[in-house]
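Input: a single structure, listed below in structure tokens.
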Amino acid sequence: MKGLKFDFSNVFQPNLETGLTEEEINENVDKIKEIVEHIVESKPGFLSLPFTRVYIDRVLDLKTWVQSFESVVVLGIGGSALGNQALQTSLNPLNYNVLPKEIRKTPKIFILDNVDPDFIAANLDQIDPRTTLFNVISKSGTTAEAMANYLVARGIIESYGLDPKDHFLFTTDPEKGILRKIADEEGIRSLDIPPQIGGRFSVLTPVGLLSALASGIDIIDLYNGAKDMHQRVVNPNVWENPAALNALVHYIYYQKGYNMSVMLAYSNKLFLLADWYRQLWAESIGKKYNLKGEVVNVGQTPIKALGTTDQHSQVQLYNEGPYDKVITFLQLENFQRNIVIPKIHSDLPELSYLGGKNLSTLLNTELAGTEYALTQNNRPNLKIIFPQINPYNIGQFLFAYEFQTAVMGMLLEINPYDQPGVELGKKVTYALMNRKGYEDLKQEVEDKLQNKKKVQL
Ligand code: PA5
27 MKGLKFDFSN VFQPNLETGL TEEEINENVD KIKEIVEHIV ESKPGFLSLP FTRVYIDRVL
87 DLKTWVQSFE SVVVLGIGGS ALGNQALQTS LNPLNYNVLP KEIRKTPKIF ILDNVDPDFI
147 AANLDQIDPR TTLFNVISKS GTTAEAMANY LVARGIIESY GLDPKDHFLF TTDPEKGILR
207 KIADEEGIRS LDIPPQIGGR FSVLTPVGLL SALASGIDII DLYNGAKDMH QRVVNPNVWE
267 NPAALNALVH YIYYQKGYNM SVMLAYSNKL FLLADWYRQL WAESIGKKYN LKGEVVNVGQ
327 TPIKALGTTD QHSQVQLYNE GPYDKVITFL QLENFQRNIV IPKIHSDLPE LSYLGGKNLS
387 TLLNTELAGT EYALTQNNRP NLKIIFPQIN PYNIGQFLFA YEFQTAVMGM LLEINPYDQP
447 GVELGKKVTY ALMNRKGYED LKQEVEDKLQ NKKKVQL
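Under the working numbering, think of the first position of the sequence shown as 27, with each following residue one higher.
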């Protein structure tokens with residue numbers, strides 16, 4: 027089969043002594059059928075994306091212009107940055123930005139998703155504003171971090187006497203928000219984020235496509251992967267639908283107290299897929315209210331981990347700590363580079379067993395060792411197998427997880443597409459930064475903070 031394989035063997039009995047039974051899945055066959063059909067009928071924005079050419083074509087129109095820059099800097103946060111990072115890290119060499127121009131050929135890519143001045147300054151030190159394109163991404167056009175970084179970048183462009191029209195590209199809502207207004211007024215080029223697609227589901231919109239294209243990633247193949255995965259995930263039969271089965275497995279374990287979901291990537295290039303997943307799962311599933319408005323406070327904490335690195339940091343806990351984690355391995359079968367360990371010290375058994383073997387063999391053998399140990403210790407674990415890393419397989423992964431998240435939302439009877447829990451913190455920031463319209467909130471917050479008991483050592 028082309029594309030990703032999903033191996034659920036180690037969440038089930040008899041492989042896992044205390045694992046799920048097939049009956050537990052069979053009991054939910056009708057429920058999953060109903061959920062999958064409902065998702066297909068309700069047409070969440072992300073679902074039809076792989077069959078849409080409009081965003082790809084719009085981005086492709088800008089290809090020559092975008093690739094004429096030395097650097098492309100993405101200014102965005104959350105769903106407006108994590109997909110970009112996942113695509114860049116998985117599909118470009120890990121040393122992409124430091125490769126010589128003759129090899130790299132396409133612009134360097136920087137993704138600035140924080141307002142830490144040390145981080146921003148260190149990145150800005152690496153670019154020449156005269157040959158840089160800033161892609162400001164914000165669906166709402168109100169997010170303080172993205173807006174602050176836009177102002178910083180614009181200040182730099184203006185200080186060089188450059189025309190912002192030649193150095194900015196906005197990716198935002200087609201009608202609403204301040205970025206749209208500025209784009210319209212000043213003739214700054216812009217790309218649309220479909221209004222019906224939320225930030226964390228937007229990687230396959232111009233949000234993720236532009237920087238991917240800028241660095242030469244085949245965005246059409248990314249869509250091809252998503253399109254083929256679409257066929258698999260709209261299958262109402264849970265036993266044939268990897269996204270639905272994965273959601274159901276996580277749901278059943280969640281009901282049994284497994285309130286954490288670890289994504290353990292045995293590949294540095296796949297590691298930031300786990301970062302993207304972390305936001306998708308956390309913001310979509312972590313909810314106070316269910317669809318009936320009752321307080322439920324549900325959620326499964328997503329954790330990202332890297333093999334083998336975290337075998338020396340986390341795996342002790344995963345094997346012997348509380349029974350509260352479902353572990354998902356990301357396994358890569360064929361690496362892009364290969365390093366053979368030299369046969370040195372052939373007289374020393376502590377080293378000689380390594381000589382002549384590939385590093386990738388060691389890495390995947392360590393995965394097998396960890397998988398075996400977790401299973402022996404009765405820790406549910408499953409595996410997503412990438413035959414290789416390419417845009418097709420990454421498109422498959424992204425789409426499968428978006429659908430899985432929608433299924434999990436329905437199993438938990440919550441709305442996976444909103445994020446009311448981040449609003450208060452955002453508003454308080456506006457108030458404390460003296461944003462107009464937030465004066466009453468500022469007063470309220472300051473009063474509360476003043477009367478707060480301090481326990482500070
Ligand atoms: O998933 C989401 O909706 C959020 O994480 C947003 O992507 C994030 O808050 C950034 O929002 P915006 O694109 O409006 O700046």
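Just so you know, even glycine gets a beta-carbon here, dropped at the ideal spot from N, CA and C.
**Q.** Candidates W307, T157 and I182: closest to I146 by CA position
**A.** For the options W307, T157 and I182, the alpha carbon positioned closest to that of I146 is the one of I182.
(Q) Does F77 pass the burial test, meaning 16 or more other C-beta atoms within 10 Å, or should it be called exposed? (A) F77 is exposed by the Cβ-count criterion.
Q | R226 CB to nearest heavy atom of the ligand PA5 below 6 Å | A | Yes, the Cβ of R226 comes within 6 Å of a heavy atom of the ligand PA5.
Q: Sort L235, I329 and K314 by Cα distance to V85 and report the nearest one.
A: Closest option to V85, Cα to Cα, is L235.
Q) Is S164 near the ligand PA5, with its Cβ less than 6 Å from a heavy atom? A) Flag set: Cβ of S164 near the ligand PA5.
(Q) Rounded to whole angstroms, what is the Cα-Cα separation between P268 and K462? (A) Per the coordinates, the alpha-carbon of P268 lies some 48 Å from the alpha-carbon of K462.
Q.
What ranges does the beta strand (DSSP E) occupy inside the stretch 159-246, keeping only unbroken runs of at least 3 residues that lie completely in it?
A. Counting whole runs of 3 or more residues, the stretch 159-246 contains the beta strand (DSSP E) stretches 194-198 and 215-218.
Q: Quick one: which unbroken alpha helix (DSSP H) runs of 4-plus residues sit fully inside the stretch 373-459? Chain order, please.
A: Segments of the alpha helix (DSSP H) lying fully in the stretch 373-459: 375-378, 385-402, 417-437 and 449-458.
Q. Within this structure, are the beta carbons of N36 and N407 separated by less than 7 Å?
A. Contact: yes.
Q: Helix, strand or coil for S293, going by three-state DSSP, please let me know.
A: Shown here, S293 sits in coil according to DSSP, grouped into three states, outside any helix or strand.
Q. Quick one: what does DSSP say E128 is sitting in, helix, strand or coil?
A. In the structure shown, E128 falls within a helical segment according to DSSP collapsed to helix, strand and coil.
Q: Look at the alpha carbon of G333 and the alpha carbon of I370, and state the distance between them as a whole number of angstroms.
A: Distance between the alpha carbons of G333 and I370 is about 25 Å.
Q: Could you name the residues of the same chain whose beta carbon sits closer than 8 Å to that of V481, not counting the 5 residues immediately before and after it, in chain order?
A: Nothing meets the Cβ criterion.
**Q.** Neighbour-count burial assignment, N384, 16 or more Cβ in a 10 Å radius
**A.** Counting C-beta atoms within 10 angstroms of its own C-beta, N384 has fewer than 16 neighbours from the protein chains shown and is therefore classed as exposed.
Q: Please classify K351: is it buried, with 16 or more other beta-carbons within 10 angstroms of its beta-carbon, or exposed?
A: By the neighbour-count criterion, in which 16 or more other beta carbons inside 10 Å mark a residue as buried, K351 falls on the buried side.
Q) For the alpha helix (DSSP H) that V98 lies in, which residues bound it at each end? A) No alpha helix (DSSP H) contains V98, which is instead part of the beta strand (DSSP E) from S97 to L101.
Q: Going by CA-CA distance only, name the one from E428, N360, I243 and V341 that's closest to G395.
A: In this structure, V341 is the residue among E428, N360, I243 and V341 with its C-alpha nearest to the C-alpha of G395.
**Q.** Limits of the unbroken beta strand (DSSP E) element including E359
**A.** E359 -> beta strand (DSSP E) spans K351 to N360.
Q. If you draw a straight line from the alpha carbon of K57 to that of I51, how long is it in whole angstroms?
A. Roughly 10 Å between the two C-alpha positions.
Q. The beta strand (DSSP E) spanning V321 covers which residue range?
A. First-last of the beta strand (DSSP E) with V321: V321 to V324.
Q. Which term fits S185, buried or exposed, when burial requires 16 or more other beta carbons within 10 angstroms of its beta carbon?
A. Around the Cβ of S185, a 10 Å sphere holds fewer than 16 other Cβ atoms; the residue is exposed.
Q: State the beta-bridge partners of P328 as determined by DSSP.
A: Its beta-bridge partners are S287.
Q: Name the one or two DSSP bridge partners that K313 has.
A: Residue pairing of K313 in beta bridges, as defined by DSSP: V324.
Q) Using a C-beta cutoff of 7 Å, does N441 count as contacting chain B? A) No chain B appears in this structure, which consists of one protein chain only.
Q: May I ask you to list the residues that DSSP assigns as paired with I137?
A: Paired residues: V100.
Q: Would you kindly check if the distance between the Cβ of Y292 and the Cβ of L393 is under 7 Å?
A: Yes.
Q: Quick one: residues in its chain with C-beta nearer than 6 Å to the C-beta of E309, no 5 flanking neighbours on either side, listed in chain order?
A: R226 and Q445.
Q | the ligand PA5 heavy atom lying under 6 Å from the CB of I103 | A | Yes - the ligand PA5 has a heavy atom lying nearer than 6 Å to the Cβ of I103.
**Q.** Check whether L298 and A112 have beta carbons under 7 Å apart
**A.** Yes, the Cβ-Cβ distance between L298 and A112 is below 7 Å.
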